[in-house]
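One structure is given below, encoded as structure tokens.
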Amino acid sequence: MIRRIIDDALPAEDYKNLEYLVLGSDIDWKLHNGTVGPSTNVGDWRFTHIIYHQRADLNTEYKFNFMPVFNYLDVMSLISCKLNCDIYTTEPTQRPWHRDQGIHADCTFTSIFYFNDCNGQTTFKDGFSVESKRNRMLIFNSELEHAGITQTNTPRRYVLNTNFFGDPKKWNYLP
């Protein structure tokens, strides 16, 4: 099992450029009822923006803005990439357990890149949790089930979710 946390993942200038784009007013956010799939739960919703998806013509004009992330991850082939914007809740709420995509091999990874500090988290079934921290990257094998936990201390939580094929040797070492 590979699971890595990297703080200050991107150089300051690259990070600031992405932060300006993501937290600014240019992104066309889409409302989704259900954070993992369709849901009738009134509190289970978020805004998303698809950057890339290999199975559909869902590519955004912003794909190349995220090249610093893709280069850092040493992506061999991109599966999907999207931005998530979660709105705060008054109590921390865990979203459903899930895997982001259906291709599971030693060379398939999920990366979650956090754009702002907040008490929202990504948690795994074994109890391991990662708090949202500005310019932090979480990388793990795609077969690991995980869930988001909503934030209560900021209006919004922004993350970039990337699924990709990569070299397991790159991520298979202790920090």
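All the letters of the sequence shown, read from the start, carry residue numbers 733 to 907 under our numbering.
Yeah, the Cβ is synthetic: ideal placement off N, Cα and C, and Gly gets one too.
{"Query": "Assuming residue 842 contacts residue 872 under a Cβ cut-off of 8 Å, what Cβ separation, rounded to an integer in Å, is found between them?", "Result": "6 Å"}
{"Query": "Express the C-alpha separation of residue 779 and residue 759 in angstroms, rounding to a whole number.", "Result": "11 Å"}
{"Query": "What beta strand (DSSP E) runs, 3 residues minimum, are completely inside the segment 834 to 900?", "Result": "840 to 846, 853 to 856, 861 to 863, 868 to 873, 878 to 881 and 888 to 897"}
{"Query": "Kindly indicate which residue of 781, 746, 751 and 744 has the alpha-carbon position closest to the one of residue 762.", "Result": "781"}
{"Query": "Can you grab the Cα-Cα spacing for the pair residue 891 / residue 874, in whole Å?", "Result": "17 Å"}
{"Query": "Could you work out which residue in 846, 749 and 807 is closest to residue 888 when comparing CA atoms only?", "Result": "846"}
{"Query": "Let me confirm a value: residue 832 is counted as buried when at least 16 other C-beta atoms fall within 10 Å, else exposed. Which label applies?", "Result": "buried"}
{"Query": "Between residue 822 and residue 850, is the Cβ-Cβ spacing less than 8 Å?", "Result": "no"}
{"Query": "Which first and last residues belong to the beta strand (DSSP E) in which residue 795 is found?", "Result": "It is not in any beta strand (DSSP E) - residue 795 carries neither H nor E in the DSSP assignment."}
{"Query": "Smallest Cα separation from residue 807: which of 898, 880 and 742?", "Result": "898"}
{"Query": "Along the alpha helix (DSSP H) that carries residue 746, what are the first and last residues, could you check?", "Result": "744 to 755"}
{"Query": "Leaving out five residues before and five after residue 739 in sequence, what residues of the same chain have Cβ atoms less than 6 Å from its Cβ?", "Result": "868"}
{"Query": "Report the rounded CA-to-CA distance for residue 814 versus residue 894, giving the unit in angstroms.", "Result": "7 Å"}
{"Query": "Mark residue 741 as exposed unless 16 or more other C-beta atoms lie within 10 angstroms of its C-beta, in which case mark it buried.", "Result": "buried"}
{"Query": "Name the two residues that bound the continuous beta strand (DSSP E) containing residue 806.", "Result": "Note, residue 806: premise wrong, no beta strand (DSSP E); not H, not E."}
{"Query": "Out of curiosity, what's the CA-to-CA distance linking residue 826 and residue 876?", "Result": "16 Å"}
{"Query": "In whole angstroms, give me the CA-to-CA distance for residue 883 and residue 817.", "Result": "11 Å"}
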